[in-house]
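Structure first, then comments.
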Ligand code: SF4
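Numbering (the numbering used here), first residue to last: 2 to 188.
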């Protein structure tokens, strides 16, 4: 996969091409300058899968976390796990980004922002988040209907379709697939 994304493009790409789960985590990271472990894993591996290089990933997380915990503590306590995700520490396993199935079956606790919004948000929050993506009216009600019937990936697929104005026959089963399909449509 030769696709690369750079640090300066992350916010713009989030608006056009990130699935709701990843938009949400970027928003919370920008707001709180922090994400708990589950969020750092889910979002960090997604960014890696989207083509963010290790050096950029370290700069990205450091820029936020240093505002909260200071850059010294970031370097001491958090940089390791980012390098680890890229297979540069420990067993040097090259960790793969989480699939929708894995994300949907997560159990985020209080203060966690990982997980799948279709599964883990309350109805009002989900409606507000979808409104923010420009989705309302009939498409929104159809999406909420899928959520009620626990068809979370289908709800995400319909969001993709409403957002991009195309049909997605394969269906969404991975956040990085959402991202790459979006980039294909927008090119
Ligand atoms: Fe993210 Fe998958 Fe949930 Fe969509 S269905 S929000 S890509 S976890």
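Ideal Cβ placement from N, Cα and C applies to all residues, glycine included.
Residue 20 versus residue 77: straight-line alpha-carbon distance, rounded: Translated into positions along the chain shown, residue 20 becomes position 19. Translated into positions along the chain shown, residue 77 becomes position 76. So the alpha carbons of these two residues sit roughly 31 Å apart.
Cβ-based burial, residue 182 [other Cβ within 10 Å; buried from 16]: Residue numbering aside, residue 182 sits at position 181 when the chain shown is read from its first letter. Counting other Cβ atoms within 10 Å of its Cβ, residue 182 reaches 16 or more and is therefore classed as buried.
Secondary structure at residue 2, three-state DSSP: helix, strand or coil? As a working mapping, residue 2 is identified with position 1 in the chain shown. Interpretation of residue 2 is limited by its pLDDT of 48, a score under 50 that renders its predicted location unreliable; the figure taken from the coordinates is listed afterwards. Coil, per DSSP.
Indicate, with yes or no, if ligand 3 has a heavy atom lying under 6 Å from the CB of residue 43. Absence of ligand 3 is noted for the structure shown, with ligand 1 being the only ligands found.
Which word fits residue 163, buried or exposed, when buried means at least 16 other C-beta atoms lie within 10 angstroms of its C-beta? Residue mapping note: residue 163 aligns to position 162 of the chain shown, counting from 1. The residue is buried, with at least 16 neighbouring Cβ atoms inside 10 Å.
Measure the alpha-carbon distance for residue 44 versus residue 139 and round it to whole angstroms. Position 43 of the chain shown, counted from the start, is the residue given in the question as residue 44. Position 138 of the chain shown, counted from the start, is the residue given in the question as residue 139. Roughly 30 Å separates the two Cα atoms.
When the distance is taken between beta carbons, is residue 30 closer than 7 Å to residue 15? Here residue 15 refers to the residue found at position 14 when the chain shown is read from its first residue. Here residue 30 refers to the residue found at position 29 when the chain shown is read from its first residue. No, they are not a contact pair.
Give me, in chain order, the residues of the same chain whose beta-carbon lies closer than 7 Å to that of residue 10; leave out the 5 immediate sequence neighbours on both sides. Working through the chain shown from its first residue, we reach residue 10 at position 9. Excluding residues within five positions, none has a Cβ falling inside 7 Å.
Sub-7 Å separation of residue 98 and residue 50 beta-carbons: Position 97 of the chain shown holds residue 98. Position 49 of the chain shown holds residue 50. Cβ atoms of residue 98 and residue 50: closer than 7 Å.
Classification of residue 187 by the beta-carbon crowding that lies within 10 angstroms, buried from 16 upward: Counting from one through the chain shown, the residue named residue 187 turns up at place 186. Exposed.
Integer Cβ distance of residue 53 from residue 114, believed to fall under 8 Å: On the chain shown, position 52 is the one that residue 53 refers to. On the chain shown, position 113 is the one that residue 114 refers to. Not quite, the Cβ-Cβ distance comes to about 19 Å (not below 8 Å), so this is no contact.
Are residue 34 and residue 65 closer than 7 Å when you measure CB to CB? What you label residue 34 is simply residue 33 of the chain shown in a count that begins at 1. What you label residue 65 is simply residue 64 of the chain shown in a count that begins at 1. The Cβ atoms of residue 34 and residue 65 sit closer than 7 Å to each other.
Going by beta-carbon coordinates alone, are residue 96 and residue 90 separated by less than 7 Å? Reading the chain shown from its first residue, position 95 is the one you call residue 96. Reading the chain shown from its first residue, position 89 is the one you call residue 90. No, the pair does not count as a contact, with Cβ atoms beyond the cut-off.
Following the continuous alpha helix (DSSP H) through residue 38, name the residue where it begins and the one where it ends. In the chain shown, residue 38 corresponds to position 37, counting from 1. Run containing residue 38: 38-50, per the alpha helix (DSSP H) assignment.
Could you tell me the alpha carbon to alpha carbon distance between residue 151 and residue 120, rounded to whole angstroms? For the purposes of this step, residue 151 is taken as the residue at position 150 of the chain shown. For the purposes of this step, residue 120 is taken as the residue at position 119 of the chain shown. If you take the alpha carbons of residue 151 and residue 120, they lie about 8 Å apart.
In its own chain, which residues sit with a C-beta less than 7 Å from the C-beta of residue 154, not counting the 5 before and 5 after it? Locating residue 154 in the chain shown gives position 153, where the first residue counts as 1. Its chain contains 101, 172, 173, 174 as the residues whose beta carbon lies nearer than 7 Å to that of residue 154, once the 5 sequence neighbours on both sides are disregarded; these appear in chain order.
Expected contact under 8 Å - CB spacing of residue 67 and residue 180 to nearest Å: Locating residue 67 in the chain shown gives position 66, counting from the first residue. Locating residue 180 in the chain shown gives position 179, counting from the first residue. At roughly 27 Å, the Cβ-Cβ gap does not stay under 8 Å, so residue 67 and residue 180 are not in contact.
Report all residues from its chain with a CB closer than 6 Å to the CB of residue 75; omit the five preceding and five following residues, and keep chain order. Residue numbering aside, residue 75 sits at position 74 when the chain shown is read from its first letter. Taken in chain order, the residues that qualify are 63, 66, 67.
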